[in-house]
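Student: Dropping a structure here in structure tokens format, bear with me for questions.
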Amino acid sequence: MKRIFASLIALLTVVTVSSCSSETTPKSVTLIAHDSFVMSDDLIWSFEETFKYDLKIVRAGDAGAMTNKLVLTKDEPLADVVFGIDNTFAPVATKNNIIDGELTPIDFADVCFNIDLEYFKTNNLAIPARWRDLTKKEYKGLTVIENPNTSSTGLAFLVSTYAGFPPMTAGVIPPTVNWWLELRDNDVKVAASWEDAYYTDFSGSSGKGKYPIVLSYSSSPADEVDEQGNAKTQALLTDCYRQTEYAGVLKNAANPQAARDLIEFMRGMYFQESLPGAMYVYPVVEGIKLPDSWSKRAPAAISTIGGDLDVDANREKWLADFNWVFDVAP
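Numbering (the working numbering), first residue to last: 980 to 1309.
Shown next, in the form of structure tokens:
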């Protein structure tokens, strides 16, 4: 009888331990991403079927705002994995130790200005040759950009402006700051995010705003065509900033293995092929076929600048300059 009782106790112990182990193994993975992140239902289903997890997606504003949230919540992370930290905000993630391991590149895009062609044609206005021309009086009140404190697109362009002018001389206002002062006086609008600038303020998008010049991407015109297939917008392709977006496992993640599985999936062919159509960015994995329309309407930049600058070392100073010019809080 004692042997039978002991055997029952052992069996119950095994069942209890197995049950607890099952309950503590997460069956879901949570992804936090910027507001522009798009993943189709088919891709979500494919990931869930392949790796046997339920995927939950949390959107957290623009890349800058999202990165700041992750820093503030790093002890109790909002997700297991993050997508959308770019090369301008990656140093913030690294410095604050919010990523477990290395960030993994997923896509890239060239930050540049987009033009509403109909506006320029109707008003018989010459298209600016480069972004430096936006301070000219003929473009007064026509441009909307993003706040670099909260927007990765805005920060990318801020870096471009520091790369686009000679270094400062001691005791003299830097040429870049002078240019920003001229742009401010030319009635530029500063939007909080890329979504606000492009979909609300820009006249060439579905939002039908009043600004015919917007800070966006070289690939954005691929989505702006009329019923006859003619381009409605055009990108200024010189002196752009190449922005790379990353994914990473968050420190203290509840399910780090699932996070790694999701990153692996994002680097796979099906997800990479979806990027141009879903988020208007280029796949980072070589050999992925691009849509036919991209060769015509979404070419990569002719020239890029700013990639060699130390963003991490200069971020606070550059943002302070911008905030002084526009009298905005960081």
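Here a beta-carbon is modelled for each residue, glycine too, at the ideal position from N, C-alpha and C.
Quick one: Cα of Ala929 to Cα of Ala1299, how far?
Tutor: Residue 929 is absent from the structure shown; the chain starts at 980 and stops at 1309.
Student: Excluding the 5 residues preceding and the 5 following Phe1030 in the sequence, name in chain order all residues of the same chain whose CB lies nearer than 6 Å to its CB.
Tutor: Asp1240
Student: Quick one: grab the DSSP three-state call for Tyr1225.
Tutor: strand
Student: Of the residues Asp1059, Thr1223 and Pro1127, which one's Cα is nearest the Cα of Lys1230?
Tutor: Taking Lys1230 as reference, the option from Asp1059, Thr1223 and Pro1127 with the minimal CA-CA separation is Asp1059.
Student: Looking at Phe1092: is its Cβ nearer than 7 Å to the Cβ of Ile1192?
Tutor: yes
Student: Can you give the Cα-Cα distance for Val1169 and Ile1124, rounded to whole angstroms?
Tutor: 5 Å
Student: Using the Cβ count rule (16 or more neighbours within 10 Å means buried), how would you classify Met1248?
Tutor: Within 10 angstroms of the beta-carbon of Met1248 lie fewer than 16 other beta-carbons, which makes it exposed.
Student: Expressed to the nearest angstrom, what Euclidean distance is found between the alpha-carbon atoms of Gly1183 and Ser1015?
Tutor: 18 Å
Student: Would Glu1224 be called buried (16 or more neighbouring beta carbons within 10 Å of its own) or exposed?
Tutor: buried
Student: Out of curiosity, what's the CA-to-CA distance linking Thr1333 and Ser1199?
Tutor: This structure cannot settle anything about residue 1333, because the visible part of the chain is limited to 980 through 1309.
Student: Quick check: what's the CA-CA separation for Glu1252 versus Val1151?
Tutor: Approximately 49 Å, taken between the alpha carbons.
Student: Mapping the DSSP letters down to three states, classify Arg1239 as helix, strand or coil.
Tutor: helix
Student: Quick test of your reading: Ser1172 and Thr1129, contact by CB under 8 Å. State the CB separation rounded to the nearest angstrom.
Tutor: 7 Å
Student: Measuring alpha carbon to alpha carbon, tell me which of Asp1205, Gln1222 and Lys1189 ends up nearest Tyr1196.
Tutor: The shortest Cα separation from Tyr1196 among Asp1205, Gln1222 and Lys1189 belongs to Gln1222.
Student: Could you pull the start and end residues of the alpha helix (DSSP H) that Pro1255 belongs to?
Tutor: Met1248 to Met1258
Student: Straight-line CA distance for Glu1027 to Lys1119?
Tutor: 50 Å
Student: Which two residues bound the contiguous beta strand (DSSP E) that contains Arg1038?
Tutor: From DSSP, the beta strand (DSSP E) with Arg1038 extends over Asp1033 to Arg1038.
Student: Counting C-beta neighbours from all protein chains within 10 Å, is the total for Ala1044 16 or more, i.e. buried, or is it exposed?
Tutor: Burial call: buried.
Student: Using DSSP's beta-bridge definition, name the partner residues of Val1008.
Tutor: Looking at the DSSP assignment, Val1008 forms a beta bridge with Leu1034.
Student: Where DSSP assigns a beta bridge to Ile1064, which residues make up the other side?
Tutor: Paired residues: Tyr1225.
Student: Taking Ala1201 as the reference, give the member of Tyr1190, Leu1194, Lys1189 and Ala1214 with the closest Cα.
Tutor: Ala1214
Student: Run through the region 1056-1112 for me and flag every whole beta strand (DSSP E) of 3 or more residues, listed as ranges in chain order.
Tutor: Runs of beta strand (DSSP E) with 3 or more residues, each lying fully within the region 1056-1112, are found at 1060-1065 and 1083-1095, listed in chain order.
Student: Taking Cβ positions, are Ser1245 and Val1017 nearer each other than 7 Å?
Tutor: Position check: residue 1245 holds Met in this sequence, whereas Ser was assumed. Taking 7 Å as the Cβ cut-off, Met1245 and Val1017 do not qualify as a contacting pair.
Student: Is Pro1262 helix, strand or coil by DSSP?
Tutor: strand
Student: Drop a sphere of 10 angstroms on the beta-carbon of Thr1101, count the other beta-carbons inside from all chains shown, and report buried for 16 or more, exposed for fewer.
Tutor: exposed
Student: To the nearest angstrom, how far is it from the Cα of Arg1111 to the Cα of Asn1126?
Tutor: 18 Å
Student: Quick check on Ser1195: does DSSP put it in helix, strand or coil?
Tutor: strand
Student: Note the first and the last residue of the continuous beta strand (DSSP E) segment covering Val1169.
Tutor: Lys1168 to Ala1170
Student: What residue range is occupied by the uninterrupted beta strand (DSSP E) comprising Asn1125?
Tutor: In the sequence under discussion, the amino acid at residue 1125 is Glu, which differs from the Asn named in the question. Unbroken beta strand (DSSP E) run through Glu1125: Thr1122 to Glu1125.
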